[in-house]
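If you're matching positions, the sequence shown starts at 1 in the UniProt record's numbering and goes up one per residue. Ideal Cβ placement from N, Cα and C applies to all residues, glycine included. First the structure, in the form of structure tokens, and then the observations on it.
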Amino acid sequence: MLAQVSPWYAHAAQRMAAAPAHALAAPARMEWSTHPGLGPGAEILGPDLHRKHILELGCGPGHNAAHLAEHHRSRVTGVDLIGLQILRARSHYGHIDRATFAVGHALHHLQATGRTFDAIYSVFGAVGLVTPELLLAAIFRRLRPDGVLAFSVPHPARAGRHPSADDRPREDYVIMPDRTRLPIARWEFDSRRWATHLHRTGLRITSALELRHPRLDPWPTTLLITARKR
Numbered sequence: 001m002l003a004q005v006s007p008w009y010a011h012a013a014q015r016m017a018a019a020p021a022h023a024l025a026a027p028a029r030m031e032w033s034t035h036p037g038l039g040p041g042a043e044i045l046g047p048d049l050h051r052k053h054i055l056e057l058g059c060g061p062g063h064n065a066a067h068l069a070e071h072h073r074s075r076v077t078g079v080d081l082i083g084l085q086i087l088r089a090r091s092h093y094g095h096i097d098r099a100t101f102a103v104g105h106a107l108h109h110l111q112a113t114g115r116t117f118d119a120i121y122s123v124f125g126a127v128g129l130v131t132p133e134l135l136l137a138a139i140f141r142r143l144r145p146d147g148v149l150a151f152s153v154p155h156p157a158r159a160g161r162h163p164s165a166d167d168r169p170r171e172d173y174v175i176m177p178d179r180t181r182l183p184i185a186r187w188e189f190d191s192r193r194w195a196t197h198l199h200r201t202g203l204r205i206t207s208a209l210e211l212r213h214p215r216l217d218p219w220p221t222t223l224l225i226t227a228r229k230r
């Protein structure tokens, strides 16, 4: 029931209504922002991803998971709260053996799984939408020693906004495919505050990149952070 009242359910339903899912070839590149080709690709997860076990928190229609499975031969699990998104992901990429997709809340999946991972990532997914101290602690427990966490979130200074001054979430919105907007709660930290939260759970921040399209964006639009398990 939680998933069906979520704005993300409405978003997925509109996508499905506009274009029923069908089989796709895996994308040639992993994307961390809304602008294709902007910033790094899969290399920030590690120099050699062959046969590595990787988890995506909030996989949506599965594009990035499919890229990792097909082009890097990684073993990837994509988790999403919205069953319609998992239906889309399986319809798109169910033919790729090393990519699997599961319905579930990111935190609950981390708490329930007995697996550990070489890398965990989120692209405008669960990180920033789930209570950070709970989610990051669960990620720490499921990362292997020296494992990588990478996540991209909307930049807290986008469109002239300011980063959160405390650890509470604040109201944001999701733009639907039909251009309407639905409210959500989001933690909007700058890189320093993210580094503090990561450090508390045993994760060491290794990079923080601000991504901005040089012609289209007057402000940075994406904050991309990587960290390692100490």
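Residue burial is scored here from C-beta neighbours: TRP219 has fewer than 16 other C-beta atoms within 10 angstroms and is therefore classed as exposed. Taking C-beta atoms as the reference points, GLU188 and SER164 count as a pair closer than 8 Å.
DSSP places LEU110 inside the alpha helix (DSSP H), whose first and last residues are 106 to 112.
DSSP links ARG75 through a beta bridge to HIS53. Beta-carbon to beta-carbon, ILE184 and ASP172 are separated by about 6 Å, close enough to satisfy the 8 Å threshold. A residue is called buried once 16 or more other Cβ atoms fall within 10 Å of its Cβ, and GLY160, having fewer, is exposed. Within a 10 Å sphere around the beta-carbon of GLN85 sit 16 or more other beta-carbons, which makes this residue buried. When the five nearest sequence neighbours on each side are left out, the beta carbons in the same chain lying within less than 8 Å of the beta carbon of SER6 are those of LEU81 and ILE82, in order along the chain. DSSP lists PRO154 and LEU211 as the bridge partner or partners of THR222. Nearest in C-alpha terms to GLY125, of all of ALA19, THR113, LEU24 and LEU224, is LEU224. In this model, ARG192 and ALA138 are separated by some 21 Å (Cα to Cα). If the five residues before and after ILE44 are omitted, its C-beta is found closer than 7 Å to the C-beta atoms of ALA150 and THR226, all from its own chain and listed in chain order.
Within the same chain, Cβ atoms closer than 6 Å to the Cβ of LEU24 are found at HIS92, the five residues on either side in sequence being excluded. Contact annotation, GLU56 with TYR121: C-beta distance approximately 6 Å; criterion of less than 8 Å satisfied. A distance below 8 Å separates the beta carbons of THR201 and LEU136. In this structure PRO145 is exposed. Its beta-carbon is surrounded by fewer than 16 other beta-carbon atoms within 10 angstroms. Judged by DSSP secondary structure, SER191 falls within the alpha helix (DSSP H) whose first and last residues are 191 to 200. Between ARG141 and the set ARG228, ALA89 and ASP48, the nearest pair of CA atoms involves ARG228.
The criterion of a C-beta distance shorter than 8 Å is not satisfied by HIS162 and GLU210. Ranked by Cα distance from ARG168, the options ASP217, MET176, LEU182 and TRP194 are led by TRP194. Judged by DSSP secondary structure, ILE139 falls within the alpha helix (DSSP H) whose first and last residues are 132 to 142. Counting along the chain, ILE120 sits inside the beta strand (DSSP E) bounded by residues 117 to 123. Taking a 10 Å sphere around the C-beta of THR77, we find 16 or more other C-beta atoms and assign the residue as buried.
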